[in-house]
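Chemist: Take the sequence shown: its position 246, counting from 1, is numbered 245 in numbering that gives the first Met the number 0, and each next residue is one higher.
C-beta atoms are modelled at their ideal positions from N, C-alpha and C, and glycine is treated no differently.
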Amino acid sequence: MSAALDTFAKARTALRTIAELLKTGSAVPYLGPAVAQGAPGRRTPEALAAFLGTKVALPRRAKGNVWAAAQHIESYKHRNTVTALMNEAFAAPVPPAPLHSALAQLNLPLIVESWYDDAMRSALAGLDNWGEVQGITRAGIGEDRWFRFYNAAGEATCATQAAEWTTLLYRPHGGVTPARNYLISDADYVEVLTEIDIQTPIPEEVRHRRAGRSFLFLGCRFHDQMLRSYARQIMKRSTATHYALLPEGEITRNESRFLTEQGIIPVTLPFNDAISELLSCL
């Protein structure tokens, strides 16, 4: 009993620390799909892979792996088919969860959204002086670029304007809004991962804003090597201490090792309880 109380007490103390970091702009929220639990649409990579499998017959090696599934469709159908299916998968607007809304009101310098829906963008809508940068596929675009900037109205803009925004929303995998950019296939990530060690695919403005800040991973899983690689590179050259509120489910050995290696402290409360406690501290 005392051990459980001790764990709960430490978790609450950590959440109060996290809240103070957020309120002072000293933490970067890194949002995963579980933040919008219960919302319409595909809330995990596995669910998205299953959706793609209902639309196109997949070989065994691609079943359950969304990146391999998208690559199979791209290779044997067309990239346009992948985009159309992603548009369908994320057609239903995802209303902001209370956490999205709370984060939007904090005027944070940087928010990372690692899923494809529009919940965080919707939470920011109506506020002043923000915009976003999205990772883009290089498949067939004929451009030597890794990302695009968009203002609050969804209009394409440039890094110079982004430097003036109070809040920058970074969506490294793209998103359904405003322009239906998706990094989703194995080929998309092969290109990015060959360069990401030298940080080329990460916008300079993101690199500037992450410096000296902790990362707060919310609703993310790291059970896939690609997800770990992205998080590791995005949080480079930030502070040494970070926190994670993980969704329900057993942490894999690779996830546990990743958290330890990166100095990420998991908050040991059920996810929904941890979010509620965090919101009460903001």
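#1: Count the other C-beta atoms from every protein chain shown that fall within 10 angstroms of the C-beta of A151, then say buried if there are 16 or more, exposed otherwise.
#2: For A178, tell me which candidate among V27, Y115 and S279 has the shortest Cα-Cα distance.
#3: DSSP beta-bridge partners for S213?
#4: Using only the alpha-carbon positions, how far apart do P58 and V189 sit?
#5: Ordered along the chain, which non-local residues of its own chain (more than five positions away) have a Cβ less than 6 Å from that of F50?
#6: Which of helix, strand or coil does DSSP assign to A243?
#7: If contacts are defined as beta-carbon pairs under 8 Å, then S113 and P44 qualify, I think. What distance do you get, rounded to the angstrom?
#8: Measure the Cβ-Cβ separation of I17 and A10 and say whether it is below 8 Å.
#9: Whole angstroms is fine: what's the gap from A161's alpha carbon to S100's?
#10: Once the 5 residues before and after F216 are set aside, which same chain residues still bring their CB inside 6 Å of it?
#11: If the criterion is Cβ atoms closer than 8 Å, does the pair G257 and R227 meet it?
#12: Between L168 and I110, is the Cβ-Cβ spacing less than 8 Å?
Modeler: Considering the structure as presented:
#1: Here residue 151 is taken as the residue at index 152 of the sequence shown, counted from 1. The residue is buried, with at least 16 neighbouring Cβ atoms inside 10 Å.
#2: Stepping through the sequence shown from its first residue, residue 178 is reached at position 179. Closest option to A178, Cα to Cα, is Y115.
#3: The count along the sequence shown starts at 1 and reaches residue 213 at position 214. DSSP, once it has assigned bridges, lists A26 as partnering S213.
#4: In the sequence shown, the residue the question calls residue 58 occupies position 59. In the sequence shown, the residue the question calls residue 189 occupies position 190. In a straight line, the C-alpha of P58 is about 20 Å away from that of V189.
#5: For the purposes of this step, residue 50 is taken as residue 51 along the sequence shown, with counting starting at 1. Around F50: R41 and A88.
#6: Residue mapping note: residue 243 aligns to position 244 of the sequence shown, counting from 1. It is a strand residue.
#7: Position 114 of the sequence shown, counting from 1, holds the residue named residue 113. Position 45 of the sequence shown, counting from 1, holds the residue named residue 44. Their Cβ separation, rounded to whole angstroms, is 10 Å, which puts S113 and P44 out of contact at 8 Å.
#8: Here residue 17 corresponds to residue number 18 of the sequence shown, with the count starting at 1. Here residue 10 corresponds to residue number 11 of the sequence shown, with the count starting at 1. One thing to note: I17 has its Cβ no nearer than 8 Å to the Cβ of A10.
#9: Locating residue 161 in the sequence shown gives position 162, counting from the first residue. Locating residue 100 in the sequence shown gives position 101, counting from the first residue. Their Cα atoms are separated by approximately 22 Å.
#10: Numbered from its first residue, the sequence shown carries residue 216 at position 217. Excluding residues within five positions, the ones whose Cβ falls inside 6 Å are Y29 and A243.
#11: As a position in the sequence shown, residue 257 is number 258, starting the count at 1. As a position in the sequence shown, residue 227 is number 228, starting the count at 1. The sequence given here has Phe at residue 257, not Gly. Yes; because the gap between Cβ atoms is below 8 Å, this pair is in contact.
#12: Taking the sequence shown and counting its residues from 1, the one referred to as residue 168 is at position 169. Taking the sequence shown and counting its residues from 1, the one referred to as residue 110 is at position 111. In this structure, I110 lies closer than 8 Å to L168 by Cβ.
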